[in-house]
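When you line the sequence shown up against the numbering used here, it's residues 406 to 1003, in that order.
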Amino acid sequence: MSKIESWWSDLVVELDRHWIKYALLAWFIVGLWYVITAWPQIRSLGLGDTDDNMRLMQVRALLNGQDWYDLRDYYLNPPGGFDIHWSRIVDLPIAGLILILRPFIGTFWAERVACGIAPLLPLSIAFIGLGATVRRLVSPHAWPLAMALLVCACTPTMLMFAPDRIDHHGWQLAMLSLTVAGLCDPKGARGGVIVGLASAVSISIGLEMLPYAAMAGAIIALQWIWDRGEARRVAAYGVSLASGTALGYGAFASYANSVMRCDALTPVYLTVMLVAGGLLFVLAWLSPASRWARLGLAVTAGAVIAAGFAWLFPQCLGRPEQVSPELVRNWLDNVREAKPIYQHPFRQAFPIVTLPIIGLLGAAIATKRAVDDRAPNMVGWSAVTLFTLFACLMLLWQTRAGPAAQLLAVPGAAALIWIAVPLLLDSRNMLVRVIGPVAVVLIASGMFSGLSLKFLPIDKPDARMMTINRAGARCPSFTSLAPLNRYPSATIFSFVDLGPRIIVVTHHKAVAGPYHRNGDAILDVQHAFGGSPEQFRAIAKKHGATLLLICPNMAESTIYRVRNPGGFYDRMAKGEIFPFLQPLELPRNSPLRLFRIN
């Protein structure tokens, strides 16, 4: 053996033996690159999503002494505020980073640096979860490929881990990566505990990933139905799911979530998880020898859970938000990420859906090969295939399933590359050996979809949409809103989508933000901008608003003009002047317009 071969062999052994250490090193390098490239955004507190801004306000309230279980925000819809349906779990790392950094760099910079670093923390968990999955299913040496696919090919997923994306989605995706790792863990009890605890943490954070948690439970039950030897996995899963959810409720559920609401971990879903966990433990304990008997018990347990849910909590059989039909019609039904993937323009949908479909194909091929060879990873591949199929189907329900679908597609895509590239490298044709692997990676990763858009005969964004996008970027910016601080603290009446950003960047309060428990205030804003000037003035007075802030051409403003021609905002946009509005000075290049309401 030559020195090079010996060195390579030693390197492979080292990477295999200490793969978690090197995976975390890779995560650190990726995170450092993200922070460096996003530093201008971090420096300007560029929280681009309304939820990220609201999360920071929640952390500020905690650090300023607000009760742990009190998640009422008093800066929106003052003076009473409104209850947010989130938990404190995601607040902890942000608050911890601020507390650590504040003595050295002050609150101003501590907040900014914490918001830049915190979203990258769950990415380390995602690296470990996906790395463990591909090591078990593809090859012990394939974990770097999984991480490369996640970073380079899963753009919607990686956006959830990007600096300043401090909301809870990254943490839930990290739990999803642990879930899929647990499903294919050859040690049944350990795998069951991992899936149960990851599901419990995700549900305690929010219910967005509840369908995936339910699917993971169904897959574990199917594994047990097929193989009685999976009883330990089922028992461990049931106990960890029930106890983990109970702990999550006791430690993190707010006062407002102690009632029978349907939009968070309340007594409704706590009851469901406790019963489901208990029934699964009983099934594992009984574990009859007959496969049909196990199927019958599993179906009976599922029926009991479904029937009990419908009987005890009929209010939760409809929309979990439990808001008025008007708010559903005027707002929730029009949220873009809640629409199916096929209702989005091809330019947006094609890059999102490509990798999940390829990952499903790769997982199916790998499962077929494992079944034919009766390989030990056959059960694990079957679980991943079912999970990836479920994620693809979720895209037909809501586009917000895209990040999860892409993450779950990584093992299947890695398998395709791992199978195809060696075959091409063994070809006698040099062109095939050189070009073939590159083509396989571009195709199997789905990266070709984004690269091909510029060459496809599809519609380009028109000038009007570009104007709206520019306004949507400029109006919530720090530089645009910070000049509002020159005016004494007040309640500002503005667009719903500007509310959370106003209360983060300025010392002012706002009327509404895009949160369903803030539904009455949202409707008030819609009625005020869409109705008569007199109606606007009355609603503003009701909320104690003394300032009006608008952003011409912002997306929300176009909705008011289209829906309510001749309404208050439409008349303002056309230049009409109202005697009860006094224009106030802002910087010359400001995209905003500010008025005092007399």
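Note that CB positions come from ideal geometry on N, CA and C, so glycine has one too.
In this text, all values refer to a predicted model and were calculated from it rather than measured experimentally.
- Within the region 701-762, the runs of alpha helix (DSSP H) at least 4 residues long that lie entirely inside it are, in chain order, 730-735.
- Leaving aside the five residues that flank MET565 on each side, the residues in its chain whose CB is nearer than 8 Å to its CB run, in chain order, PRO524, HIS574, GLY575, LEU578, PRO808.
- Relative to LEU986, the option among GLY851, LEU954, LYS979 whose CA is nearest is LEU954.
- The C-alpha of LEU554 is placed about 10 Å away from the C-alpha of LEU760.
- Counting along the chain, THR455 sits inside the alpha helix (DSSP H) bounded by residues 455-468.
- Each of GLY611, ARG696, GLY587, SER607 was checked against the Cα of VAL600, and the nearest Cα belongs to GLY587.
- Here PHE941 is buried, its C-beta having at least 16 other C-beta atoms within 10 Å.
- Here the alpha carbons of LEU452 and LEU602 stand approximately 30 Å from one another.
- When C-beta atoms of the region 610-619 are compared with those of the region 664-671, three or more pairs fall below 8 Å, so the two segments count as touching.
- Check the Cα spacing between PHE686 and each of VAL910, ARG752, ALA641: the tightest is with ALA641.
- Within the region 879-950, the complete beta strand (DSSP E) runs of at least 3 residues fall at 896-898.
- With 16 or more neighbouring CB atoms inside 10 Å of its own CB, MET959 falls in the buried class.
- If the five residues before and after TYR474 are omitted, its C-beta is found closer than 7 Å to the C-beta atoms of SER659, TYR660, all from its own chain and listed in chain order.
- In the three-state reduction of the DSSP assignment, ILE571 falls in the coil class.
- In terms of Cβ geometry, TRP432 and LEU550 do not form a close pair [threshold 8 Å].
- TRP786 is not a Cβ neighbour of ALA810, given a cutoff of 8 Å.
- One thing to note: VAL598 has its Cβ no nearer than 8 Å to the Cβ of THR538.
- If only uninterrupted alpha helix (DSSP H) runs of at least 4 residues are considered, those enclosed by the region 617-665 are 636-657.
- In the three-state scheme derived from DSSP, where H, G and I count as helix and E and B as strand, ILE489 is classed as coil.
- By the C-beta density criterion, VAL677 is buried, having at least 16 other C-beta atoms within 10 angstroms.
- Following the DSSP letters along the chain, one finds PRO445 inside the alpha helix (DSSP H) bounded by residues 444-448.
- Restricting attention to GLY980, ALA945, PRO881, PHE934, the CA atom closest to the CA of SER449 is found in PRO881.
- When rounded, the separation of the alpha-carbon atoms in VAL543 and TRP413 is 20 Å.
- Straight across, the Cα-Cα distance linking LEU420 with ARG541 is about 15 Å.
- In the DSSP assignment, GLN987 is bridged to ARG1001.
- Closest in C-alpha terms to ALA558, from the list VAL846, GLY971, LEU928, ARG891, comes VAL846.
- With 16 or more other CB atoms across the displayed protein chains lying within 10 angstroms of its CB, ALA818 is buried.
- Rounded to whole angstroms, the gap between the alpha carbons of VAL664 and GLY653 is 16 Å.
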